[in-house]
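Numbering (the numbering used here), first residue to last: 7 to 221.
Even glycine gets a Cβ: it sits at the ideal position worked out from N, Cα and C.
This one's a predicted model, so the numbers in the text were calculated from it and none came from an experiment.
Reading through the structure tokens given below for one structure.
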């Protein structure tokens, strides 16, 4: 697997272009906006897009999805159906934040925890991690030891839980039960900011470090 992180929109959301080096087929994870820039990076790397993947339904992660899907005839996979209300409201979200090109999108495949997604010959595991949003999912490639976690976890922080459908206790439970078991050596791409590892966050994250839960 190869991957490139491309910050997009005024929110500097980390869209990830990932691809299979054998087939050069790839996917964009969370194409939130700046569509022409994203497609330029795809072309520069010689990748043929075969699908779009969504971790959740917030504007900065999903705002460019409908446009790319229509322009290139690509299927959309994810998130969990719990985020349908957010994807249905992408136009309204865009109007509020000045991203007027954002439009609602309907995934071709809703995903659940335990599902798998293919990108070329790569396989991604799907983990359902609610808390930031009800339908938030995470994509994990066991071979590359890489997780794309959206707004569940950040370097030194965790996702907001004060938005519609959010719940802090649920978020922390998702992190501890769905992410930590994948392994301390796993590198993750968060929705914003720098990459980190699960092991580093288990040691020092002020919201979900192991020490916070020791009796």
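- Note on residue 23: 16 or more other CB atoms within 10 angstroms of its CB, so buried under the neighbour-count rule.
- Membership of residue 33 in the beta strand (DSSP E) is indicated by the continuous run 31 to 35.
- Around residue 174, the same chain offers 167 as residues with beta carbons nearer than 6 Å, after the five sequence neighbours per side are excluded.
- When the five nearest sequence neighbours on each side are left out, the beta carbons in the same chain lying within less than 7 Å of the beta carbon of residue 180 are those of 135, 136, 137 and 158, in order along the chain.
- Where residue 143 is concerned, the enclosing beta strand (DSSP E) starts and stops at 143 to 147.
- Here residue 51 is exposed. Its C-beta has fewer than 16 other C-beta atoms within 10 Å.
- For residue 48, the uninterrupted alpha helix (DSSP H) segment begins and ends at 41 to 50.
- The region 111 to 120 and the region 12 to 26 do not touch, with fewer than three beta-carbon pairs separated by less than 8 Å.
- A direct Cα-to-Cα measurement between residue 47 and residue 123 gives close to 22 Å.
- Comparing C-alpha distances from residue 75 to each of 17, 33 and 103 shows the shortest one belongs to 33.
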